[in-house]
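I have placed the structure first, in the form of structure tokens, so that the comments after it can refer back to it.
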């Protein structure tokens, strides 16, 4: 059974800091890994998707890396801004059976960036 | 391109009632997955529909059921509501059963009194 853990559970930083969010998973037989952002009471916004054959993806100030063999991913946020405040969720996509796949999520990291 | 839309946005029910939640998938997507997110937790996989057939199911009882229609929109039905069913219900669509990105709607907040 796939389990996903995110560390830290919460993080509070001053504006401008670079920061790293961590995600680990127990079953390395994944198709891909996604990082999502969730604002309070809202749905999920996909930030980055890394296929199992890739090592990293970048979008603007965000960089996500994947080490499939060790079951780890990191999300790096450069020059953080108050608008980055949200919950960040890591999810891995596994085969759930012979005909379908599913996302397994971590519990998220609550990020607060204060001015 | 129209994204994933869910209705209603909020719903209040009492224990024992039944509820139907709706999801319109993104244009061109034939796969819909439903997730339950309790407060402070990550989403949990309920089930997936592909071309109108249930394609896989998570650890949820049979009182959670669904449908997918020819236009690939979907419904989640929950019977005999319990207090623990209070959660944000998220729908995600994708273009295949495989490893294509899943696109999420804003969810339906269900409160059970």
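Protein chains in written order, with this note's numbering: chain A, 1 to 115; chain B, 1 to 113.
Ideal Cβ placement from N, Cα and C applies to all residues, glycine included.
Checklist entry - Is there a Cβ from chain A that is less than 7 Å from the Cβ of residue 43/B? => result Judged by the 7 Å Cβ criterion, residue 43/B is in contact with chain A.
Checklist entry - Helix or strand or just coil, what does DSSP make of residue 66/B? => result strand
Checklist entry - If you run the structure through DSSP and keep just helix, strand and coil, what is residue 67/A? => result strand
Next on the checklist: Along the chain, where does the beta strand (DSSP E) containing residue 46/B start, and where does it finish?
Outcome noted: 44–50
Checklist entry - Applying the criterion that 16 or more other CB atoms from any shown protein chain within 10 Å of the CB defines a buried residue, is residue 46/B buried or exposed? => result buried
Checklist entry - In chain order, what residues of the same chain lie with their CB nearer than 6 Å to the CB of residue 7/B, ignoring the 5 residues before and after it? => result 22.
Checklist entry - Hey, is residue 3/B's beta-carbon within less than 7 Å of any beta-carbon in chain A? => result no
Item to check | Residue from 13/B, 36/B, 96/B, 20/B whose Cα sits closest to the Cα of residue 78/B | outcome: 20/B
Checklist entry - Going by C-alpha distance, which of 104/A, 72/A, 59/A, 80/A is nearest residue 59/B? => result With distances taken between Cα atoms, residue 59/B lies closest to 104/A.
Checklist entry - Quick one: Cα of residue 45/A to Cα of residue 87/A, how far? => result 11 Å
Checklist entry - Around the Cβ of residue 39/B, are there at least 16 other Cβ atoms within 10 angstroms (buried) or fewer (exposed)? => result exposed
Checklist entry - Thinking just about the alpha-carbon of each residue, which of 89/A, 3/A, 85/A, 60/A is nearest to the one in residue 74/A? => result 89/A
Item to check | 8 Å Cβ cut-off: residues of chain A touching residue 33/B | outcome: The answer, in chain order, is 102, 103.
Item to check | residue 75/B - partner residues in DSSP beta bridges | outcome: 22/B, 67/B
Next on the checklist: Output needed in chain order: residues of the segment 60–86 of chain B with a Cβ under 7 Å from some Cβ in chain C.
Outcome noted: Although the question refers to chain C, the structure presented lacks it and instead comprises the protein chains A and B.
Next on the checklist: Using the three-state DSSP reduction, which class does residue 83/B fall into: helix, strand or coil?
Outcome noted: helix
Item to check | Short CB-CB distance (under 7 Å) between residue 105/B and chain A | outcome: yes
Checklist entry - Secondary structure at residue 28/B, three-state DSSP: helix, strand or coil? => result Correct three-state label for residue 28/B: coil.
Checklist entry - So what's residue 56/B in DSSP terms, helix, strand or just coil? => result strand
Item to check | Contacts that residue 107/A makes with chain B (C-beta to C-beta distance below 9 Å) | outcome: 40, 41, 42
Next on the checklist: Below 7 Å on C-beta distance, what does residue 43/A contact in chain B?
Outcome noted: 90, 104, 105, 106, 107
Checklist entry - Considering only residues of the same chain and omitting the five flanking positions on each side of residue 71/A, which have a CB-CB separation below 7 Å? => result 24, 25, 26, 28
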